[in-house]
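Asks:
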Amino acid sequence: SRDSATQCERSVGPRACARGALRPSHPAGGSARGGVRSPLPRPQLVPRAPFGRRRSGVLAAGAVAWLLLWAAGLVGWLAADFSDARFSSGIRATCSEIILRQEFLKDGFHRDLLIKVKFGESIEDLETCRLLIRHHIPAGLFVDPYELASLREKNITEAVMVSESFNIEAPDYLSKESEVLIYARKDAQCIDCFQAFLPVHYRYHRPHRKDGDTLIVVNNPDLLMYCDQEFPILKCWAQSEVAAPCALRSEEVCRWNSMQYKSILKNLTLQVPVGLIIHTSLVCSVTLLITILCSTLILVAVFKYGHFSL
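The sequence shown begins at 2 in UniProt numbering and counts up one residue at a time.
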């Protein structure tokens, strides 16, 4: 009632009176023991995962999914690569070698370099292919560009100089390596062969003190091939691509395949005779004497048999 509430507030205070009013006189599930009121049961809270842990779990699941996808792609790539490797190895197992042979013809200071290329099997499928030989001529030799132009006009060879500012009169110790492109032709005496021809000449060498000979090493050339269509057999020999003119008299540039081959000789070695330093004074004296003698004879013949009209 209202009177009892007013009396409670006067005796213990309004807050304590309100707190006591909220307490039940009997606990849930039974009566009070010993006249002591039992407190209210505290609610049991269910533990809840923090927000950070839930996010890390989502990230972990995504990472696992990406790993599975990556593993599947890796397996597919390895399988494709393995099949390509088996296909390539199968082709190479049935491939034959390209054999290259080069030799010098003639004797003396003016020689002819002959290059022959033989395919190990029939080249009927390679009728649309062209063969180009890129040769690096050492400093001890030279190729006359005017001679090459004359040979091209006579249809004897198809070779062209690539190097610029080339001096054919310079001695060996003032010269540098030159580059020549030779378009090979089919060999009439061999079904599966190509051949190329290049005239070369010795340069003058510096005289030596003791040995009267010097050696010139001619390395193997680069073998290039260009085909109008693709052939599986080219995978046996092709190494890389090189840009070069498509034909001798063409300005168009093609992507030639650099071919792997087997050379009969590792390198060609030429032995060139050179003068000795101890003979310098003797050679100069004899040369000067012969020059004076010949000039005198020419003058005598002119004055004796010549007809002069004033």
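Idealized CB from N, CA, C, for every residue including glycine. It should be emphasised that the depicted structure is a prediction, and the values quoted were computed from it without experimental measurement.
Grab the span of the beta strand (DSSP E) containing Ile-183 for me, first residue to last.
Replies: Within the sequence shown, the letter at position 182 stands for residue 183. Note, Ile-183: beta strand (DSSP E), 179 to 184.
Asks: Have a look at Cys-194 and Lys-211 and give me their C-alpha separation to the nearest angstrom.
Replies: Locating residue 194 in the sequence shown gives position 193, counting from the first residue. Locating residue 211 in the sequence shown gives position 210, counting from the first residue. Using only the alpha carbons, I get a separation of about 44 Å.
Asks: Exposed or buried, Arg-250, counting other C-beta atoms within 10 Å across all chains shown (16 or more means buried)?
Replies: Here the question's residue 250 lines up with position 249 in the sequence shown. With fewer than 16 Cβ atoms within 10 Å of its Cβ, Arg-250 is classed as exposed.
Asks: Rounded to whole angstroms, what is the Cα-Cα separation between Asn-268 and Gln-103?
Replies: Position 267 of the sequence shown holds residue 268. Position 102 of the sequence shown holds residue 103. Cα to Cα, the separation comes out at about 9 Å.
Asks: How big is the Cα-Cα spacing for Lys-187 and Gln-196?
Replies: Residue mapping note: residue 187 aligns to position 186 of the sequence shown, counting from 1. Residue mapping note: residue 196 aligns to position 195 of the sequence shown, counting from 1. In a straight line, the C-alpha of Lys-187 is about 6 Å away from that of Gln-196.
Asks: Just confirm the distance between the C-beta atoms of Val-243 and Gly-141, as a whole number of angstroms; I'd bet it's less than 8 Å.
Replies: As a first step, residue 243 is located in the sequence shown; it is residue number 242 there, counting from the start. As a first step, residue 141 is located in the sequence shown; it is residue number 140 there, counting from the start. That pair is no contact at about 26 Å.
Asks: To the nearest angstrom, report how far apart Leu-289 and His-280 are at their CA atoms.
Replies: In the sequence shown, residue 289 corresponds to position 288, counting from 1. In the sequence shown, residue 280 corresponds to position 279, counting from 1. Rounded to the nearest angstrom, the two C-alpha atoms are 14 Å apart.
Asks: So does the segment 165 to 179 actually touch the segment 252 to 261, counting three or more Cβ pairs closer than 8 Å?
Replies: Touching, no, given that fewer than three Cβ pairs across the two stretches are closer than 8 Å.
Asks: Roughly how many whole angstroms lie between the Cα atoms of Pro-172 and Phe-143?
Replies: Within the sequence shown, numbered from 1, the residue matching residue 172 stands at position 171. Within the sequence shown, numbered from 1, the residue matching residue 143 stands at position 142. Going by the C-alpha atoms only, they are around 10 Å apart.
Asks: For Lys-236, which of Ser-259, His-202, Arg-131, Phe-309 has the nearest alpha-carbon?
Replies: The count along the sequence shown starts at 1 and reaches residue 236 at position 235. It is Ser-259 whose Cα lies nearest to the Cα of Lys-236.
Asks: Quick check on the DSSP output: the alpha helix (DSSP H) that includes Val-144 runs from which residue to which?
Replies: Position 143 of the sequence shown holds residue 144. Careful: Val-144 lies outside any alpha helix (DSSP H) and carries neither H nor E.
Asks: Assuming Ala-248 and Leu-225 are in contact, meaning their beta carbons sit under 8 Å apart, how far apart are those beta carbons, in whole angstroms?
Replies: Taking the sequence shown and counting its residues from 1, one reaches residue 248 at position 247. Taking the sequence shown and counting its residues from 1, one reaches residue 225 at position 224. Going by Cβ atoms, the distance from Ala-248 to Leu-225 rounds to 13 Å, so no, they are not a contact pair.
Asks: Going by DSSP, which residues form a beta bridge with Tyr-227?
Replies: The residue given as residue 227 occupies position 226 in the sequence shown. Answer is Arg-131.
Asks: Return yes when the Cβ of His-136 is within less than 9 Å of the Cβ of Ile-157, no when it is not.
Replies: Position 156 of the sequence shown, counted from the first residue, corresponds to residue 157. Position 135 of the sequence shown, counted from the first residue, corresponds to residue 136. Going by C-beta atoms, Ile-157 is not nearer than 9 Å to His-136.
Asks: Do you know how far the Cα of Lys-107 is from the Cα of Val-303?
Replies: Position 302 of the sequence shown, counting from 1, holds the residue named residue 303. Position 106 of the sequence shown, counting from 1, holds the residue named residue 107. Each residue's Cα considered, the two are about 40 Å apart.
Asks: Please identify the residue among Asp-229, His-206, Asp-223, Phe-232 whose C-alpha is closest to the C-alpha of Ser-241.
Replies: The residue given as residue 241 occupies position 240 in the sequence shown. For the residues Asp-229, His-206, Asp-223, Phe-232, the minimum Cα distance to Ser-241 belongs to Asp-223.
Asks: Given a cut-off of 9 Å, decide if Ser-264 and Leu-101 are closer than it, judged by their beta-carbon atoms.
Replies: Sequence index remark: in the sequence shown, residue 101 carries index 100 (1-based). Sequence index remark: in the sequence shown, residue 264 carries index 263 (1-based). Yes, the Cβ-Cβ distance between Leu-101 and Ser-264 is below 9 Å.
Asks: Is Glu-242 helix, strand or coil when you go by DSSP?
Replies: Here residue 242 corresponds to residue number 241 of the sequence shown, with the count starting at 1. Correct three-state label for Glu-242: strand.
Asks: If you run the structure through DSSP and keep just helix, strand and coil, what is Tyr-174?
Replies: As a position in the sequence shown, residue 174 is number 173, starting the count at 1. Tyr-174 falls in the helix class under three-state DSSP.
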